[in-house]
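Before any comments, here is the structure.
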């Protein structure tokens, strides 16, 4: 079974970085293993590992676990957010690029 190790990005619903510091290992299931329920039309999977998400404090702990369990894994490195640092006084600067409007 293949696993994916990543650190999740912060959600749009929060201003802090809660739940984005841990590393997550989740199993990747191929789309061919999913079946559609004939009555309700829900997509299901007979493999319960597709529902498992393991959290680790560090990337190395997640990799060590995957190696210990003989999993084929891929590591996705997190991308840092680009921050545009501006001061409040820049809104009232005389050399603004955009004209001041009310």
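Residue numbers (this note's numbering): 7 to 108.
The C-beta atom is built at its ideal place from N, Cα and C for all residues, glycine as well.
Note that this is a predicted model, so its numbers are computed, not measured.
When you compare only the Cα positions, how much space is there between residue 92 and residue 40?
Along the chain shown, one-based indexing puts residue 92 at 86. Along the chain shown, one-based indexing puts residue 40 at 34. CA-CA distance, residue 92 to residue 40, rounds to 48 Å.
Would you mind sorting residue 9 into buried or exposed? The rule is 16 or more other CB atoms within 10 Å of its CB.
For the purposes of this step, residue 9 is identified with residue 3 of the chain shown, where counting begins at 1. That one is buried.
Assumed close pair residue 61, residue 30 - CB separation to whole angstroms, cut-off 8 Å
On the chain shown, position 55 is the one that residue 61 refers to. On the chain shown, position 24 is the one that residue 30 refers to. About 6 Å separates the two Cβ atoms, so the contact holds.
Please classify residue 83: does DSSP put it in a helix, a strand, or coil?
The count along the chain shown starts at 1 and reaches residue 83 at position 77. If DSSP states are grouped into helix, strand and coil, residue 83 belongs with coil.
Under 6 Å Cβ to Cβ from residue 25, same chain only, skipping five residues before and after it: list those, please.
Stepping through the chain shown from its first residue, residue 25 is reached at position 19. Within the same chain, residue 25 has no close Cβ partners at all.
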